[in-house]
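In numbering that gives the first Met the number 0, the protein residues as written are 0 to 272.
Remarks on the structure that follows.
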Amino acid sequence: MFLLKSFSAILYKIFFAKVLLALALMLLPAGYVYSQTIAKSFGAKTAIEPGRVVTLAKDNPENVELAPAADVNRIYGVVIEQAEAAVTLQKENQQVFVATSGTYPVLVSVSNGSIKSGDYLSMSKKSDGIAGKASVAQEYVVGKAVSNFDGRSDVVTTVDGSAVGKIKTEINPGKNPLIKGDRYVPAPLLRLAYAIAGESVSAARIYSALIIFLITLIVAASLILVGVRSSIISIGRNPLSKQSIMHGLTQVIVAAGLVFFGGLGGVYIVLNI
Numbered sequence: 000m001f002l003l004k005s006f007s008a009i010l011y012k013i014f015f016a017k018v019l020l021a022l023a024l025m026l027l028p029a030g031y032v033y034s035q036t037i038a039k040s041f042g043a044k045t046a047i048e049p050g051r052v053v054t055l056a057k058d059n060p061e062n063v064e065l066a067p068a069a070d071v072n073r074i075y076g077v078v079i080e081q082a083e084a085a086v087t088l089q090k091e092n093q094q095v096f097v098a099t100s101g102t103y104p105v106l107v108s109v110s111n112g113s114i115k116s117g118d119y120l121s122m123s124k125k126s127d128g129i130a131g132k133a134s135v136a137q138e139y140v141v142g143k144a145v146s147n148f149d150g151r152s153d154v155v156t157t158v159d160g161s162a163v164g165k166i167k168t169e170i171n172p173g174k175n176p177l178i179k180g181d182r183y184v185p186a187p188l189l190r191l192a193y194a195i196a197g198e199s200v201s202a203a204r205i206y207s208a209l210i211i212f213l214i215t216l217i218v219a220a221s222l223i224l225v226g227v228r229s230s231i232i233s234i235g236r237n238p239l240s241k242q243s244i245m246h247g248l249t250q251v252i253v254a255a256g257l258v259f260f261g262g263l264g265g266v267y268i269v270l271n272i
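As structure tokens, this is what we get:
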């Protein structure tokens, strides 16, 4: 009887402990649960400081290296301190811990512009392993900033003339949401507009510029086609006036060129106003 009571008491304690554990997990702040994720270990040929954006090495997927600034498609994750993650998976002789989700400090540069909380981050323009404000010209991102960095305060160092700092970032490598942010504009057209303007451009301005370009192209092409056709007919009818006809054709071509380049100027103005 005594053993039965003792066994029942033990079962009761185990059940009570499980209930308390479940309640504790339910009451944990959502941000903590989200940010404290599993980090996996990797090898590296050279030391990589925490906060750097890395990619898997092409010759060995068990190693990581700095993510190249010129190839955002290779973004994999961010190097973190081992103690920053609640759980780490470590293999022998692998001392670099990489997070692919959660909220961790990331080295960022203002080479792509000042960073505000909520901005998506991709690679900086020139520096491997350092993030920067994402643009629609960059297909992949490393995550989203949860704090600001303007390059004037909290500067860690300077790389290629641009201030570098470390800010908290929600790590979530993947497709750049800015590219599909405007469902009315195809991604290639969005990237072309960004390349011309140097910043994100609204759909209205993009399509206005496209209309100007198409009208300009049609007018310029029509002038050239009509001029060439008329010149050929005129020369056939009066071969002796060939020189004056060719001179007139040259003037038509110059006029068409002026119309075309004037239209390009209009496109540039519309995208930059």
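Even for Gly, the Cβ is constructed at its ideal location relative to N, Cα and C.
- By the Cβ criterion, the stretch 113-121 is in contact with the stretch 138-156, since at least three pairs of Cβ atoms, one from each stretch, lie closer than 8 Å.
- By the C-beta density criterion, Met122 is buried, having at least 16 other C-beta atoms within 10 angstroms.
- The straight-line gap separating the alpha-carbon atoms of Leu106 and Tyr139 is approximately 17 Å.
- As the crow flies, the alpha-carbon of Thr54 is around 14 Å from that of Glu48.
- In this chain, Ile178 is not harboured by any alpha helix (DSSP H), its DSSP state being neither H nor E.
- Annotation for Lys39: the continuous beta strand (DSSP E) segment containing it runs Ile37 to Phe41.
- Using a Cβ distance threshold of 8 Å, Ile74 and Ser108 do not count as a contacting pair.
- For Thr249, the enclosing alpha helix (DSSP H) stretches over residues Lys241 to Asn271.
- For Lys165, the beta-bridge partners assigned by DSSP are Leu106.
- Per the C-alpha coordinates, the member of Ile166, Val78, Gln93 and Leu88 positioned closest to Asn59 is Gln93.
- For a cut-off of 8 Å, the C-beta gap from Asn62 to Phe41 is around 6 Å, short enough to register as a contact.
- In this structure, the straight-line span from the alpha carbon of Ile205 to that of Ile217 is close to 18 Å.
- Exposed is the label assigned to Ile210, since fewer than 16 other Cβ atoms lie within 10 Å of its Cβ.
- Contact annotation: Val135 and Leu189 have beta-carbon atoms nearer than 8 Å.
- Each residue's CA atom was taken as its position, placing Lys132 and Pro172 some 14 Å apart.
- A direct Cα-to-Cα measurement between Val141 and Val52 gives close to 8 Å.
- Here the C-alpha atom of Gln89 lies approximately 6 Å from the C-alpha atom of Lys39.
- The residues Leu222, in chain order, have a CB closer than 7 Å to that of Ala254 in the same chain once the five nearest residues on each side in sequence are set aside.
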